[in-house]
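Reading through the structure tokens given below for one structure.
So, in structure tokens, the structure goes:
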């Protein structure tokens, strides 16, 4: 399906909608607050965004990126941890409201497709996106095709088990990558380290006003960029976990490229360097096989919106 598509990115705090052309360019974008706990209100908000955008643009279809488990038919949301969706045929509900073709996709899958088609991964056929924010998410493209799995829930890489019996994850299991390599883990470990050794925290201690509980992720990144070794070490800690997790994934998926996105990726080489070091150290067959490149994602927080719009055009 050609022409302009509308991409919708539904999160727990906001819903973004944009008109996207066939080259992945966002022509217009709008955002509204997300009524995350009200199914009816979420659908009304999505329909309202689409109606406003189509009043100014000839939109042919709508792609919705949903933070949750989405069926491989791209229609139902089985479960969304931060939204009120449970076993919901969201496609049918929205098509009735909007009267356009609607495709539902997992938000990380949509972001991976956006980066693969128009961003960091456009030069390869086998691509892995790892998003590092509050949690760890991801999406997989194999042989030029988005990999959804048998039931539509592939790509939940944050729940790769790294430490049997380890820290309890929000998913309920113990020792997931998300518990060690996420922005949440970065803040948790930095706060604990500052409490244990405030004298060595230096710049980060001052930025937090002497209150470890005031430390946030952006503060750690800013301190590391200023050259503070304590903060640099905190980023290196989660980078090491991520690199080891990606090495395990590479043993199964063999991507040609891995792109790192999400809010924590704003640390740039302070995060990428430790990821690459751990990845190359732990990679199966290291020294005797080609090594995937690890780079920053390019599309930022628009990747999901762009990917969802493009996927809506496809069968």
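In this note's numbering, the protein residues as written are 2 to 316. Every residue, glycine too, gets a C-beta built ideally from N, C-alpha and C.
When 293, 230, 216 are compared, the shortest CA-CA separation from residue 252 is found for 293. From the listed residues 237, 233, 279, the smallest Cα separation to residue 249 is found for 279.
When secondary structure is reduced to three states using DSSP, residue 26 falls in the coil class, being assigned neither helix nor strand. Every alpha helix (DSSP H) stretch that sits fully inside the segment 160-234 and reaches 4 residues is listed by chain position as 179-182, 184-197, 199-202, 204-208, 218-226. With distances taken between CA atoms, residue 315 lies nearest to 147 out of 123, 86, 147. Below 8 Å, too few C-beta pairs join the segment 225-234 and the segment 97-114 to call them touching: fewer than three. For residue 306, the enclosing alpha helix (DSSP H) stretches over residues 304-313. In the structure shown, residue 278 adopts helical secondary structure according to DSSP, grouped into three states.
If the five residues before and after residue 285 are omitted, its C-beta is found closer than 6 Å to the C-beta atoms of 252, all from its own chain and listed in chain order. For residue 4, the CB contacts under 6 Å within the same chain, skipping 5 residues up- and downstream, are 61 in chain order. A Cβ-Cβ separation of about 28 Å leaves residue 283 out of contact with residue 228 under the 8 Å criterion. If you compare the alpha carbons of 309, 24, 50, 28 with that of residue 34, the shortest gap goes to 50. The segment 258-274 makes contact with the segment 208-226, as at least three CB pairs between them are under 8 Å. In the assembly as shown, residue 107 is a buried residue. Its beta-carbon has 16 or more other beta-carbons within 10 Å.
When rounded, the separation of the alpha-carbon atoms in residue 203 and residue 194 is 12 Å.
Note: residue 80 is bridge-paired with 70, 87 in the DSSP secondary-structure output. DSSP places residue 46 inside the alpha helix (DSSP H), whose first and last residues are 40-55. Between residue 215 and residue 192, the alpha-carbon positions lie close to 8 Å from each other. By the criterion of a C-beta distance shorter than 8 Å, residue 196 is surrounded in its chain by 213, once the five residues flanking it on both sides are discounted. Residue 116: member of the alpha helix (DSSP H) spanning 108-119, first to last residue. Here DSSP, grouped into helix, strand and coil, assigns residue 237 to helix.
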